[in-house]
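*Asks:*
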Amino acid sequence: MALFSKSKKDAITCFDVDKLPVHIGIIMDGNGRWAKKRGLPRKAGHSAGAKTFRKITRYCSDIGIKYLTVYAFSTENWKRPQDEVNSLMKLFKSYLEEALEDFKDDSIVVKFIGDKSPFNEDLRNLMIENEESSKDRDGMVLNIAMNYGSRDEIVRAVKNICNDVKNGTKSIDSIDEQMVSSYLYTSGQPDPDLIIRPSGEYRISNFLLWQSAYTEFVIMNKLWPDFEESDLDEALITYSNRNRRYGGV
Ligand code: FPP
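Every number in the numbering used here is 1019 more than the matching position in the sequence shown, counting from 1.
1) Is there contact between the segment 1099-1115 and the segment 1212-1230, where contact requires at least three CB pairs shorter than 8 Å?
2) Which residues does DSSP list as the beta-bridge partners of S1093?
3) Return yes when the Cβ of D1134 is within less than 8 Å of the Cβ of K1112, no when it is not.
4) If you compare alpha carbons, which of V1129, A1164, S1190, F1122 is closest to I1045?
5) Hey, which unbroken runs of the beta strand (DSSP E) at 3 residues or more fall wholly within the segment 1105-1166?
6) Less than 8 Å between the CB atoms is what I'm expecting for M1047 and Y1086, so what's the real figure, rounded?
7) Using a Cβ-Cβ cutoff of less than 7 Å, which residues in the same chain neighbour P1060 once the five nearest sequence positions on both sides are dropped?
8) Quick test of the definition: if touching needs 3 or more C-beta pairs under 8 Å, does the segment 1207-1226 touch the segment 1252-1260?
9) Report, in whole angstroms, the separation of the C-beta atoms of F1072 and N1166, which I expect to be a contact under 8 Å.
10) Anyone know if the C-beta pair for T1205 and I1127 falls short of 8 Å?
11) Figure out for me which residue from P1217, P1209, G1158, E1235 has the closest Cα to the Cα of I1082.
12) If we ignore side chains and look at the alpha-carbon of each, how far apart do D1124 and V1184 end up?
13) Starting from F1226, follow the beta strand (DSSP E) in both directions and report where the run begins and ends.
14) In the DSSP assignment, the alpha helix (DSSP H) including K1196 goes from what residue to what residue?
15) In terms of DSSP beta bridges, what is E1235 paired with?
16) Among P1244, R1264, R1263, R1261, whose alpha-carbon lies nearest the alpha-carbon of R1052?
17) If contacts are defined as beta-carbon pairs under 8 Å, then L1251 and Y1114 qualify, I think. What distance do you get, rounded to the angstrom?
18) Measuring only from the beta carbon, is M1047 closer than 7 Å to any heavy atom that is part of the ligand FPP?
19) Helix, strand or coil for T1269 per DSSP?
20) Within this structure, are the beta carbons of I1238 and G1219 separated by less than 8 Å?
21) Indicate the three-state DSSP secondary structure (helix, strand or coil) for G1044 in the structure shown.
22) Confirm the yes/no value for this check: CB of Y1114, any heavy atom of the ligand FPP, distance under 7 Å.
23) Can you list, in chain order, the residues of its chain whose CB lies under 8 Å from that of M1146, leaving out five sequence neighbours each side?
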C-alpha cells in the first residue's frame, strides 16, 4: 500500500506505508544558529523552532506516524543564560495554551516525558491538563521531552525497581530488559525506529539512550527552524532504504 505526501508543491513523494517508522524521535537542534545567522536574539530562533515543531507534528500525524518524540528541553538546558531559559519557559507556556489546543483536531495524545517538578506551577498544571484532556484520543502519541535526560530517566528507573524489590512487589530474578523498559517514561511504547537530528551535529545528547539501542539515525544539515515537510520525506526515504538487522545478519 502506498501513502502519498504532498509536502512539496510540485512533487508528490510516494512511500511504502509498510516501511514507515512507527516511532520517530527528533532532536530539534539549530535554533540558536538560525537566529545568529540573521542577527536575531536566540529567543527568535526558539520561536521559529516552535512553529516548525507545530508544522512537523501535524505532518507526522497526517502521514500516519503513530509515535513522535521531540526533544524540547533537556536536564542540561537549565545551564543556559537565565534570559534564554526564561524565554523558553514563556514559549512553552504560550504553546501549551494555544498550539496544543489545535492538536485536538488531529486527535493527538500529548504526553510529557521528563521530570515536571522544576517547572513553575502554571507550566506544570498546563502540562498535566494537556495530558489529561488528550489521554482518551486515538491519534498519534506526541511525547514532548521537557526537563528530560536519559541518564536521569535510567537512574529513576533503577531506584524505582530497587524500591519495588525492597517492598516485595518485584523479585530480583524478574528483572529483565522488558521490565527496565516498563520503568521508563516511555513505558508501553515501542522504541524509536528513526531519530532525526537536524543542524548537522553527530551527537545523541542524552536522548532516549536505552530506547535507541537499534534505532536508525538520520543527521540532516538544515537548522531546525528551516526544516520542512520535504526534509522529513527525505529522512523517511533514507530510513526506508536501511537494512535493519538488530544484530543479526
Ligand atoms: C536546541 O537548539 C533547541 C532547544 C534547546 C529548544 C527547542 C525548543 C523548541 C523548538 C520549542 C518547541 C516548543 C514546544 C512547546 C515543544 P539550540 O538552541 O541548542 O541551537 P544551537 O545549537 O544552534 O545553539
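From the three backbone atoms N, C-alpha and C, an ideal C-beta is built for every residue, glycine too. Given the structure is predicted, the values throughout are model-derived calculations rather than measurements.
*Replies:* The short version:
1) no
2) Y1167
3) no
4) A1164
5) 1128-1132
6) 16 Å between Cβ atoms; not a contact.
7) A1054
8) yes
9) Contact flag wrong, Cβ pair sits at about 17 Å.
10) no
11) G1158
12) 43 Å
13) Element bounds for F1226: n/a, residue is neither H nor E.
14) First, the residue type needs correcting, since residue 1196 is Glu and not Lys in the sequence shown. Element bounds for E1196: 1196-1201.
15) L1213
16) P1244
17) The pair is not a contact, with the Cβ atoms about 20 Å apart (cut-off 8 Å).
18) yes
19) Nothing about residue 1269 can be reported from this structure: the residues present for the chain run from 1020 to 1268 only.
20) yes
21) strand
22) yes
23) L1115, F1131, K1135, F1138, M1165
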